[in-house]
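Q: Numbering (the working numbering), first residue to last: 120 to 222. Glycine residues also receive a C-beta, built at the ideal position from the N, C-alpha and C atoms. The structure's right below; bear with me while I get my questions together.
As structure tokens, then:
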């Protein structure tokens, strides 16, 4: 069933691009695709989760409340998140610096 949802989303996206091209010309789907790519690559510093508000606003998904928005939210987890400095060291060094230290 989840594969059908993906196909429906792909069809909706293709239809949206076709409508944009019919109404505004060839440049509008190209601009839409470039902006979508730009907004999907925006990240926050370190291990902070990205909310992708710009992408959701552009695609119109910000108005839709999905079960993923409130169920299994990692910010509401009972587990502690690793310190942000450890996450940054891991991203920069490429290895788990905290576990390699000898105390």
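#1: Beta carbon of residue 190, beta carbon of residue 155: below 8 angstroms?
#2: Measure how close the beta-carbons of residue 151 and residue 174 come, nearest whole angstrom, since I'm counting them as under 8 angstroms.
#3: The alpha helix (DSSP H) with residue 203 in it runs from where to where?
#4: Taking the Cβ atom as the reference point for each residue, do residue 162 and residue 170 lie within a distance shorter than 8 angstroms?
#5: I believe residue 139 touches residue 147 by the beta-carbon criterion, under 8 angstroms. Please report the beta-carbon distance rounded to the nearest angstrom.
#6: Ends of the alpha helix (DSSP H) at residue 152?
#7: Which stretch, first to last residue, makes up the alpha helix (DSSP H) that contains residue 113?
A: Per the coordinate set shown:
#1: At a Cβ-Cβ threshold of 8 angstroms, residue 190 and residue 155 do not count as neighbours.
#2: Here residue 151 is actually not in contact with residue 174; their C-beta atoms are around 12 angstroms apart, not less than 8 angstroms.
#3: Residues 203–212.
#4: Taking 8 angstroms as the Cβ cut-off, residue 162 and residue 170 do not qualify as a contacting pair.
#5: Correct: roughly 4 angstroms between the Cβ atoms.
#6: 146–159 is the span of the alpha helix (DSSP H), which, as asked, contains residue 152.
#7: No answer is possible for residue 113: it lies beyond the span of the chain, which begins at 120 and ends at 222.
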